[in-house]
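I have placed the structure first, in the form of structure tokens, so that the comments after it can refer back to it.
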Amino acid sequence: MEPESTIDDIIKTVERFRILSVGRSGVGKSSLINCVFGITDARVAHLKPGESDIQQEFVSQDNPFFVLHDSKGFEPGDVNNFETVRQFIQQRSQQELPLKDRIHGLWLCTKTPVAGGRVFEVGDEKLLELSHKTQIPVVIVFTQYDRLVRTKKAELKEQHHNMDSTTLDEHSKDEAQQAFEICVQSLQRTMGHLGIPMPHYVKVSVRPRYKENVSALVEVTRDIVKEQLKGDAWIMWAIAQRASLPVKIEACITKGMSCM
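Numbering (this note's numbering), first residue to last: 359 to 618.
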């Protein structure tokens with residue numbers, strides 16, 4: 359029986375948590391990466407809006423325990439970019455690759471809809487199909503959820519001029535949640551049409567009052583990585599992320615030593 363791997367063993371084997379983020383310019387990927395991994399804007403300034411090279415590895419001096427691959431999202435009728443992403447995922451999902459070279463997690467980032475409409479483009483749907491086929495741990499990240507809450511708050515203000523601020527905050531959160539659930543139902547119908555299981559999803563905002571949502575993203579990512587990837591990639595995730603102390607503590611307890 360092989361001895362249990364230690365934190366040092368895991369770092370030597372996995373080296374860094376390898377994450378692929380996919381999403382259109384302006385969706386808030388850089389801000390989300392900053393928030394989850396505890397790095398600064400200056401360190402990701404080279405991620406210019408609308409530009410990305412999926413093969414390039416972005417490693418932060420602030421946090422050496424993760425490596426980011428970035429891809430712009432899919433515009434209507436955009437075939438070339440999907441082909442680039444497809445090739446990268448197929449290359450990086452091969453079982454014979456060392457664990458350190460494989461994709462450990464994929465975040466498909468999209469702005470939380472504030473006025474209904476189509477949630478995903480065809481390229482996004484193809485990406486979800488491909489992720490299911492290649493067993494890449496994927497999380498759909500609905501970014502900038504605070505925009506939806508603020509939109510509902512403005513609508514309520516217009517309708518109820520005398521509503522007090524506490525009631526206004528509570529009702530705007532409730533209505534935003536109801537609108538988000540409609541969005542999720544649309545996603546469920548799409549997945550049913552594609553014939554693949556409903557992927558994990560999280561709504562987030564990097565604003566301070568939404569820290570619980572970011573923690574939820576960390577926990578969901580841990581769960582799907584633990585579920586779909588054999589080995590200790592989830593431990594590497596726990597070490598790399600800096601948004602959830604409980605997830606980090608769990609990894610430390612699991613391996614019986616400090617990984618703070």
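Every residue gets a Cβ at the ideal spot worked out from N, C-alpha and C, and that includes glycine.
Around the beta carbon of H462, 16 or more other beta carbons sit within 10 angstroms, so the residue counts as buried. Counting other Cβ atoms within 10 Å of its Cβ, Q502 reaches 16 or more and is therefore classed as buried. Residue nearest to S489 within the set L455, R444, E415, Q536 is R444 (criterion: CA-CA distance). V507 counts as buried, since at least 16 other C-beta atoms from the protein chains shown sit within 10 angstroms of its C-beta.
The C-beta distance from R376 to R505 rounds to 30 Å, too long to fall under 8 Å, and the pair is not in contact.
Counting only residues of its own chain and dropping the five nearest sequence neighbours on each side, Q599 has a CB closer than 6 Å to the CB of V394, V576. Minimum Cα-Cα distance from F423 among the listed residues W595, I540, V499, I498 corresponds to W595.
Given a length threshold of 4 residues, each whole run of the alpha helix (DSSP H) inside the segment 470–496 is given here in chain order: 480–492. Where Y503 is concerned, there is no enclosing beta strand (DSSP E), although the alpha helix (DSSP H) around it starts and stops at 503–517. For K569, the three-state secondary structure derived from DSSP is helix. With a contact defined as Cβ atoms closer than 8 Å, I412 and D428 qualify at about 7 Å. Check the Cα spacing between G589 and each of V477, L457, S389, H529: the tightest is with L457. For H551, the uninterrupted alpha helix (DSSP H) segment begins and ends at 523–552. Excluding the 5 residues flanking it on each side, T492 has same chain C-beta neighbours closer than 7 Å at I447, Q448, S451, in chain order. In this structure, DSSP gives V443 a helical state, which the three-state scheme calls helix. Under the 8 Å Cβ criterion, the segment 471–484 counts as touching the segment 547–554, having at least three qualifying pairs. With fewer than 16 other beta carbons inside 10 angstroms of its own, A512 counts as exposed. The beta carbon of V425 lies closer than 6 Å to those of R374, R376, E415, V417 in the same chain, with the five residues before and after it left out. In this structure, the straight-line span from the alpha carbon of E585 to that of A591 is close to 10 Å. Contact annotation: C541 and P471 have beta-carbon atoms nearer than 7 Å.
Contact annotation: H558 and I582 have beta-carbon atoms nearer than 7 Å. In this structure, the straight-line span from the alpha carbon of C610 to that of P566 is close to 26 Å.
Distances from the alpha-carbon of K531 to those of P555, V497, Y568 put Y568 closest. For T525, the number of other beta carbons within 10 angstroms of its own is below 16, and it is reported as exposed. Non-local beta-carbon contacts of V372 in its own chain, meaning distances under 7 Å to residues more than five positions away in sequence, involve L457, K458, D590, A591, M594 in chain order. According to DSSP, residue pairing for H462 in a beta bridge does not occur. Nearest to S563 by alpha-carbon distance, out of I607, D367, L485, A574, is A574. V497 sits away from C467, with the two beta carbons spaced by 7 Å or more.
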